Ligand SMILES: [Zn+2]
Ligand SMILES: [Zn+2]
Ligand SMILES: [Zn+2]
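In the working numbering, the protein residues as written are 109 to 229.
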């Protein structure tokens, strides 16, 4: 099962939501699929993306990724036309500084607009 979901993620060009996974594996129950994604996330195989659409999406991490601020975190692009969320892994999130006493654990930077497929540019 895990291998199948992993394969599905590698073949998907854009970030997938739990319902995308469900639709692809109709015979499996939701809990199993959800747990598998969570396990992947804990192991650093995928990262969760909050693209502002209130649906969590998941995308594969690059090799050697630890989802660390300053090293691995990249921009995400959310297309308002086709709703696809894409990892822009070459575009790292710049160093974020927070005031003394604040501890940053996660940074989520989503750019919204029209993706390359929709813009036709
Ligand atoms: Zn990662
Ligand atoms: Zn699009
Ligand atoms: Zn990403």
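Glycine is no exception: its CB is placed at the ideal position from the N, C-alpha and C atoms.
Computed from a predicted structure; not experimentally measured.
Looking only at its chain, what residues have a beta carbon closer than 7 Å to the beta carbon of residue i, apart from the 5 residues adjacent to it on each side?
i	result
residue 178	203
Excluding five sequence neighbours on each side, which residues of the same chain lie with their C-beta closer than 8 Å to the C-beta of residue i?
i	result
residue 222	187, 188, 189
Can you tell me whether residue i sits near ligand 2, meaning its C-beta is under 7 Å from at least one heavy atom of the ligand?
i	result
residue 225	yes
Exposed or buried, which one is residue i when buried takes at least 16 other CB atoms within 10 Å?
i	result
residue 224	exposed
residue 192	buried
residue 210	exposed
residue 118	exposed
residue 226	exposed
Which residues in the same chain as residue i place their Cβ atom closer than 6 Å to its Cβ, once the five residues preceding and following it in sequence are excluded?
i	result
residue 200	182
Consider the C-beta atom of residue i and the heavy atoms of ligand 3; say whether any pair is separated by less than 7 Å.
i	result
residue 167	yes
Item checked: Segments of 3+ residues assigned as beta strand (DSSP E) that fall wholly inside the region 127-176 -> 154-158, 164-168
Check: Does the region 132-144 come within contact of the region 189-199, defined as at least 3 CB pairs closer than 8 Å?
Finding: no
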